[in-house]
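Numbering (the UniProt record's numbering), first residue to last: 1 to 376. Contents: one structure, followed by commentary.
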């Protein structure tokens, strides 16, 4: 890494007078695994299509390895592109192996067929579809077709790979397996990966650089750890990971600390983003930062709650609680299996002042209202 592979400057795009992308600025370094995450319809795929040259911006430009991509043909951009809509991407009259080999044979008049066959077999094995080698696309499931298209792009070993939600149609277990494979593929190829998904967990696992989009704009760019632990907007705090949101008003400040009034009482917070007394906004508390039972008494903020229910999810337990004055369930996530019957009818909950994040109304998000955020 070090040099810039993909650079997007001040990109604006509208379709039928509706703004799809607005003021997009982004730099992706050579060899980086950049994941663009956001809700459906936020402009992720349009951004990928613009980098590929399939969509022309109204304003702004794309640079590929320092050169203006607007002066390049799609073929000259040296990009591999796995489409979200992949059904028509495969040649129906060609076998799986022939589909995968097609791009390589188009690129070179002289191909080592034995080496190519070996590489095809390796990719099919890695993607868990070795038995499909001689099948036609019509004989494959949607998830199998998607993996064939992925193999067809990977075998070309382009400098930059554009991947539009390539694991979306896979079942849960295979998706988890392929997440590990995608990291290994990236390391083996050394190419730049620009990967689009709406799956927040997948984005956190895969990314070197995480880009969070919402309604045509970029809300935050950073490492997964920075985006998760230091969200710049309430939308990012809500969308990337889980949070307990509450309307809040800063009642008092003292240096980096503040007292914040909420529906479930007055609490202490240090992450208030320089808000002053009287500021209105939203307070977010991550479920995994909340402690319960006797340990909660050691925290800065402590409250009493009533158990609503719990869900054991294998590695952790999600606990739903009721707080006086709070009109929605308050969630706590604890590792392992945590039976609620050990606590009785009342549970003490607590969290540190550093784990409560306040976002002022004017900076809650670039586009969403407070009501939108509280409905999420």
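We treat Cβ as the ideally placed atom computed from N, Cα and C, and that holds for glycine.
Problem - Pair within 7 Å by beta-carbon distance, residue 32 and residue 82 - result: Between residue 32 and residue 82, the C-beta spacing is not below 7 Å.
Practice task
Pull up the distance between the alpha-carbon of residue 8 and that of residue 195, whole angstroms please.
Solution key: Each residue's Cα considered, the two are about 15 Å apart.
Practice task
Please work out which residues of its chain come closer than 7 Å, Cβ to Cβ, to residue 227, disregarding the five sequence neighbours upstream and downstream, and give them in chain order.
Solution key: Excluding its 5 nearest sequence neighbours in each direction, residue 227 has C-beta neighbours in its own chain below 7 Å: 210, 212, 220, 236, 240, listed in chain order.
Practice task
Take the Cβ of residue 173 as the centre, count every other Cβ of all protein chains shown within 10 Å, and call the residue buried at 16 or more, exposed below.
Solution key: Under this definition residue 173 is an exposed residue.
Handout entry: Where residue 64 sits in the DSSP three-state scheme
Key = Note: residue 64 maps to strand in three-state DSSP.
Handout entry: Environment of residue 165 [buried if 16+ CB atoms lie within 10 Å]
Key = Answer is buried; the Cβ neighbour count reaches 16.
Handout entry: Start and end residues, alpha helix (DSSP H) containing residue 227
Key = Element bounds for residue 227: 224 to 229.
Exercise for the section: Within 10 angstroms of the Cβ of residue 59, are there 16 or more other Cβ atoms? Answer buried if so, exposed if not. Expected result: By the 10 Å Cβ count, residue 59 comes out exposed.
Exercise for the section: Please check the pair residue 302 and residue 352, which I expect to be a contact at CB under 8 Å, by giving their CB distance rounded to whole angstroms. Expected result: That belief does not hold up - the Cβ atoms of residue 302 and residue 352 are roughly 11 Å apart, past 8 Å.
Handout entry: Whether residue 48 touches residue 162 by CB criterion (7 Å)
Key = Cβ atoms of residue 48 and residue 162: closer than 7 Å.
Practice task
Express the C-alpha separation of residue 99 and residue 70 in angstroms, rounding to a whole number.
Solution key: Each residue's CA atom was taken as its position, placing residue 70 and residue 99 some 29 Å apart.
Exercise for the section: Output the distance between the C-alpha atoms of residue 207 and residue 278, rounded to the nearest integer angstrom. Expected result: Near 38 Å, if we compare the C-alpha coordinates of residue 278 and residue 207.
Problem - Close beta carbons around residue 296, own chain, < 6 Å, minus the five adjacent residues each side - result: Cβ within range, chain order: 302, 348, 349, 350.
Handout entry: residue 199, enclosing beta strand (DSSP E) - first and last residue
Key = In the DSSP annotation of this structure, residue 199 is not part of any beta strand (DSSP E), being labelled neither H nor E.
Handout entry: Entirely enclosed beta strand (DSSP E) segments - the region 231 to 292, minimum 3 residues
Key = Counting only runs of 3 or more, we get 244 to 254, 257 to 262, 265 to 269, 280 to 285.
Handout entry: residue 13 vs residue 21 beta-carbon contact at 7 Å
Key = The answer is yes: Cβ separation under 7 Å.
Exercise for the section: Report the three-state DSSP secondary structure of residue 309 (helix, strand or coil). Expected result: Strand at residue 309.
Exercise for the section: Please report how far the alpha carbon of residue 326 lies from the alpha carbon of residue 143, in whole angstroms. Expected result: Going from the Cα of residue 326 to the Cα of residue 143 covers about 43 Å.
Exercise for the section: Going by DSSP, name the residue or residues bridged to residue 59. Expected result: Answer is 12.
Exercise for the section: Just grab the DSSP bridge partners of residue 102 for me. Expected result: In DSSP, residue 102 forms no bridge with anything.
Handout entry: Other residues of its chain near residue 284: CB distance less than 6 Å, five sequence neighbours each side excluded
Key = Non-local beta-carbon contacts of residue 284 in its own chain, meaning distances under 6 Å to residues more than five positions away in sequence, involve 237, 243, 245, 357 in chain order.
Exercise for the section: Give a yes or no on whether the minimum CB-CB distance between residue 276 and chain B is below 7 Å. Expected result: Here there is only one protein chain, and chain B is not present.
Exercise for the section: Compare the C-alpha of residue 218 against each of 104, 233, 204 and name the closest. Expected result: Cα-wise, what sits closest to residue 218 is 233.
Handout entry: Cβ-Cβ separation, residue 151 to residue 123 (assumed contact under 8 Å), whole Å
Key = Indeed, because the Cβ distance is near 4 Å, the residues count as touching under 8 Å.
Problem - Anticipated Cβ contact below 8 Å, residue 320 with residue 308, distance rounded - result: Taking 8 Å as the upper bound for CB-CB distance, residue 320 and residue 308 are in contact here, some 4 Å apart.
Problem - Residues that DSSP places opposite residue 187 in a beta bridge - result: Residue 187 is not bridged to any residue.
Practice task
Look at residue 316 and residue 335 and say whether their C-beta atoms are less than 7 Å apart.
Solution key: In this structure, residue 316 sits near residue 335, with a CB-CB distance shorter than 7 Å.
Practice task
Check whether the Cβ atoms of residue 4 and residue 29 lie closer than 7 Å to each other.
Solution key: The Cβ-Cβ distance between residue 4 and residue 29 falls below 7 Å.
Problem - Pair within 7 Å by beta-carbon distance, residue 127 and residue 156 - result: In terms of Cβ geometry, residue 127 and residue 156 do not form a close pair [threshold 7 Å].
Problem - CB-CB length for residue 262 against residue 252, believed under 8 Å - result: About 14 Å; that fails the 8 Å criterion.
Exercise for the section: Round the Cβ separation of residue 197 and residue 37 to the nearest angstrom and send it over; I've been treating them as touching at under 8 Å. Expected result: Between the beta-carbon of residue 197 and that of residue 37 there is about 6 Å, and that keeps the pair under the 8 Å contact cut.
Handout entry: Sub-7 Å separation of residue 101 and residue 116 beta-carbons
Key = In this structure, the beta-carbon distance from residue 101 to residue 116 falls below 7 Å.
Handout entry: DSSP state of residue 365 mapped onto helix, strand, coil
Key = Reliability of the predicted coordinates at residue 365 is poor, the pLDDT of 47 falling under 50, and no value is obtained from them.
Problem - Residue span of the beta strand (DSSP E) that contains residue 19, given as start and end - result: Per DSSP, residue 19 is one residue of the beta strand (DSSP E) stretching across 18 to 29.
Practice task
Give the DSSP bridge partners of residue 209, in chain order.
Solution key: Its beta-bridge partners are 34.
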